[in-house]
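Contents: one structure, followed by commentary.
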Amino acid sequence: MTVASRSITKSVLSKEQAEGAGARVRRSIGRPELRNHDPFLMLDEFNVDKNGGFPDHPHRGFETVTYMLEGQFQHEDFAGHKGTIGPGDLQWMTAGRGIVHSEMPVKSQTRAHGLQLWINLPREHKMCEPQYQELLDGQIPRANPEEGVVVKVIAGESHGVKSQVYTRTPTMYLDFKVAKNKTVTQTIPKSYTGFIYMLKGTAFIGDKEFEGKTHHTLTFSEDGAETVKITTKDEDAHFVFIAGEPLKEPIVQHGPFVMNTTEDIYKTFVDYQYNQNGFERAKNWKSSIAA
Ligand code: FJE
Ligand code: FE
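Residue numbering for the sequence shown follows full-length UniProt numbering, starting at 1 and increasing by one per position.
Dropping the structure here:
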């Protein structure tokens with residue numbers, strides 16, 4: 001018996017664009033062709049040199065998930081939470097009712113390269129207390145379904161290996177390294193939407209072997225199939241596999257604030273301006289890491 005795989009509905013190349021303060025990003029989800037990928041709001045592959053970064057800025061109503069690929073990145077927030085993440089490390093930040101922070105490369109580094117995913121929060125969690133889940137590369141479990149296939153399980157489950165990350169919005173986030181000439185299948189819940197973002201090499205996805213190349217996003221069909229078949233040919237491939245349960249709630253986004261109604265966005269502007277309802281510590285705060 002053959003099990004049908006999800007197929008690919010879109011393939012979109014992410015070109016570099018300017019973002020933040022002198023940073024460069026390849027925007028995947030969130031670019032005009034890839035809006036409305038509920039529950040995901042944005043995926044950026046960022047490249048920052050020592051002069052760039054994302055100085056002091058707020059968030060409310062969603063989560064930011066930063067996964068480093070190369071170099072070192074520092075962060076500091078208005079509650080004094082501070083740290084550095086390096087290659088393979090993860091910061092899963094639930095902004096909830098409010099975070100103000102700065103995200104900057106370590107100055108001695110030539111380049112910091114990674115991914116930042118924005119996951120929307122369901123109505124009942126938008127105003128939750130902020131939370132960090134931080135994992136070093138070595139603390140992230142790996143599945144090794146066969147020789148030449150390594151799956152880092154950042155969130156969710158792959159081949160019997162489960163992540164301990166708590167997801168308020170049910171999410172799977174997997175980092176696949178697949179050697180050439182392999183076929184691997186990944187199970188995915190029926191109701192999830194999802195996509196692959198290619199970091200390196202070429203992979204062929206679905207029964208029809210739709211070709212995925214570097215810096216392309218491939219979105220999955222929403223047909224309830226519970227597997228995704230991935231094949232490599234004459235090249236190794238590195239990609240992330242991201243999927244989640246759509247929230248099916250109204251989205252009103254204003255930059256770094258994502259709520260359900262315009263009224264709640266208006267309240268957010270007031271809260272941020274008057275340092276209240278989660279933004280108390282923003283009063284007179286300045287990070288020490290943003291030059
Ligand atoms: C933001 C502009 C921004 N992509 N990738 C407007 F640049 C940002 C922002 C980021 C960001 C941060 C990192 Cl570390 C990586 C990113 C955009 O901080 F939040 C708004 N509103
Ligand atoms: Fe941020």
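Glycine is no exception: its CB is placed at the ideal position from the N, C-alpha and C atoms.
So residue i and residue j are in contact, right, with Cβ under 8 Å, and what is the actual spacing, rounded?
i, j, result
"Gly-20", "Gly-52", "7 Å"
"residue 361", "Thr-227", "Coverage of the chain is limited to positions 1 through 291, which leaves residue 361 absent and any answer about it impossible."
"Tyr-67", "Gly-114", "6 Å"
"Glu-141", "His-159", "According to the sequence shown, residue 141 is Pro rather than Glu. Rounded, the Cβ-Cβ distance is 11 Å, inconsistent with contact."
"Ser-7", "Lys-182", "Wrong, their Cβ atoms sit about 20 Å apart, outside the cutoff."
Compute the distance between the beta-carbons of residue i and residue j, then report whether it is under 8 Å.
i, j, result
"Trp-118", "Thr-169", "no"
"Arg-97", "Asn-277", "yes"
"His-59", "Pro-256", "yes"
"Ile-154", "Leu-90", "yes"
"Asp-175", "Val-151", "yes"
"Gly-201", "Thr-193", "no"
"Pro-39", "Glu-245", "yes"
"Tyr-166", "Gln-116", "no"
"Glu-76", "Ser-288", "yes"
"Gly-156", "Lys-190", "no"
"Val-161", "Ala-237", "no"
"Val-252", "Thr-261", "yes"
Going by beta carbon distance, what residues of the same chain come within less than 6 Å of residue i, once the five residues before and after it are set aside?
i, result
"Ile-230", "Val-184, Ala-203 and Ile-205"
"Lys-283", "Asn-275"
"Lys-126", "Gly-61"
"Val-48", "Ala-23, Pro-105 and Ala-112"
"Glu-263", "none"
"Gly-88", "Asp-137"
"Phe-279", "Gly-98, Asp-271 and Tyr-272"
"Val-12", "Glu-33, Leu-34 and Thr-217"
"Arg-281", "Phe-78 and Ala-79"
Considering only the alpha carbon of each residue, which of the options lies closest to residue i?
i, options, result
"Asn-120", "Pro-141, Val-270, Val-153 and Ala-95", "Ala-95"
"Glu-45", "Glu-222, Val-165 and Ile-196", "Ile-196"
"Ser-163", "Phe-73, Lys-180, Val-100 and Gly-138", "Gly-138"
"Tyr-272", "Val-100, Glu-16, Pro-250 and Thr-66", "Val-100"
"Phe-239", "Glu-103, Thr-84 and Tyr-173", "Tyr-173"
"Gly-86", "Phe-73, Trp-92 and Glu-280", "Phe-73"
"Cys-128", "Val-3, Thr-171, Lys-248 and Met-93", "Met-93"
"Ala-18", "Val-3, Phe-54, Ile-8 and Pro-250", "Phe-54"
"Glu-70", "Leu-43, Ala-237 and Gln-109", "Gln-109"
"Thr-232", "Glu-249, Phe-210 and Lys-248", "Phe-210"
"Lys-50", "Phe-241, Ile-251, Lys-107 and Lys-182", "Lys-107"
"Ile-242", "Asn-144, Gln-186, His-159 and Ile-265", "Gln-186"
"Leu-41", "Ala-290, Arg-281 and Glu-249", "Glu-249"
"Gln-131", "Ala-79, Thr-84, Ala-143 and Thr-171", "Ala-79"
"Thr-84", "Arg-281, Tyr-266 and Leu-135", "Leu-135"
"Met-198", "Asn-36, Leu-43 and Val-3", "Leu-43"
If you drop the 5 nearest sequence neighbours on each side, which residues of the same chain put their C-beta closer than 8 Å to that of residue i?
i, result
"Lys-10", "Glu-33, Leu-34, Thr-217, Leu-218 and Thr-219"
"His-57", "Val-100, His-101, Ser-102 and Pro-256"
"Lys-286", "Asp-56"
"Gly-235", "Checking the sequence shown, residue 235 turns out to be Glu, not Gly. Around Glu-235: Lys-180, Gly-201 and Thr-202."
"Thr-268", "Arg-60, Gly-61, His-254, Phe-257 and Met-259"
Pull up the DSSP beta-bridge partners for residue i, would you.
i, result
"Gly-53", "Ala-21"
"Phe-210", "Ile-205"
"Met-68", "Gly-114"
"Gln-133", "Trp-92"
"Val-161", "Ser-158"
"Ser-102", "Glu-76"
"Ser-7", "DSSP, once it has assigned bridges, lists no residue as partnering Ser-7."
"Glu-235", "Its beta-bridge partners do not exist; DSSP assigns none."
"Gln-186", "Val-228"
Keeping to the same chain, check which residues put their C-beta closer than 7 Å to that of residue i; ignore five residues upstream and five downstream.
i, result
"Lys-15", "Arg-26"
"Leu-247", "Asp-38, Pro-39, Asn-120, Pro-122 and Thr-169"
"Ile-265", "Val-252, His-254, Phe-257 and Met-259"
At a cut-off of 7 Å, is residue i close to ligand 4 when judged by its beta-carbon and the heavy atoms of the ligand?
i, result
"Thr-94", "Of the ligands one can find in the structure shown, namely ligand 1 and ligand 2, none is ligand 4."
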